[in-house]
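Notes for the one structure printed next.
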Amino acid sequence: MEHPFRTINGHGKNLLALMFASILLASLGVVANQAYAMGQAPSTCTNRYDGTITAMKVTVGQKTFYPLAHPGLTFQLRNDESYKVTFTIHTPSQSSQSNSLVGTTWYDTSAPGYQIGTCVNNAGADQNIRVTLTESHPANLAPVIEQKVTWNTLMPGNATFNVSWINP
């Protein structure tokens, strides 16, 4: 008596293995994407103004750095300390909805150790929106590591710098 699941040429087993592998890879891709991007997507910002980062300064203790003026900037910081970032997003004359009503602007950063997007309220046409944040060593990174930090909007003019985290 033949086994009820046996096929004459073995293609059934190959097809089943291919389907299983495809489902596994697809589910891993979904999990990986969710693990590395957080915060607000640009599409969630109301009446969004897609501005450009026009200025940025990073303050570490008594020192100030300007990443836009110094591409490839690297500074060293103890992993139990923090730094302050202040940047300006200049908004265009119209929002992505083609109006000049009050709305939001959007940026994302890798400073916390993963990409996180943020909508900034009270943005309007042709404005300089100033954002100040304090950043510290990302808990998901090794204690001693060089971290490439990016700051992006949906327009050109993004900023990048490196933090060389060291033990105290």
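The sequence shown runs contiguously to residue 256 in the numbering used here.
We put the CB at the ideal spot given by N, CA and C, even for glycine.
Note that the coordinates shown come from a computational prediction; the quantities given were computed from them, not determined experimentally.
Query: Within the present structure, is the beta-carbon of F153 separated from the nearest heavy atom of the ligand ATP by less than 8 Å?; Result: For the structure depicted, the ligand ATP is absent and the ligand set is empty, with no information on it obtainable.
Query: So, is M126 buried or exposed, given that buried needs 16 or more other C-beta atoms within 10 angstroms?; Result: exposed
Query: Compare the C-alpha of H46 against each of N250, N135, D196 and G205 and name the closest.; Result: Beyond the ends of the chain as shown, which are 89 and 256, falls residue 46; an answer cannot be given.
Query: In the DSSP assignment, find the unbroken beta strand (DSSP E) run with G212 in it and report its ends.; Result: No beta strand (DSSP E) holds G212; DSSP gives it neither H nor E.
Query: Where does T134 fall in DSSP's three states?; Result: coil
Query: Once you ignore the five residues that flank S181 on each side, which residues in its own chain have a CB closer than 6 Å to its CB?; Result: A213 and D214
Query: Per DSSP, which one or two residues make a beta bridge with N240?; Result: D196
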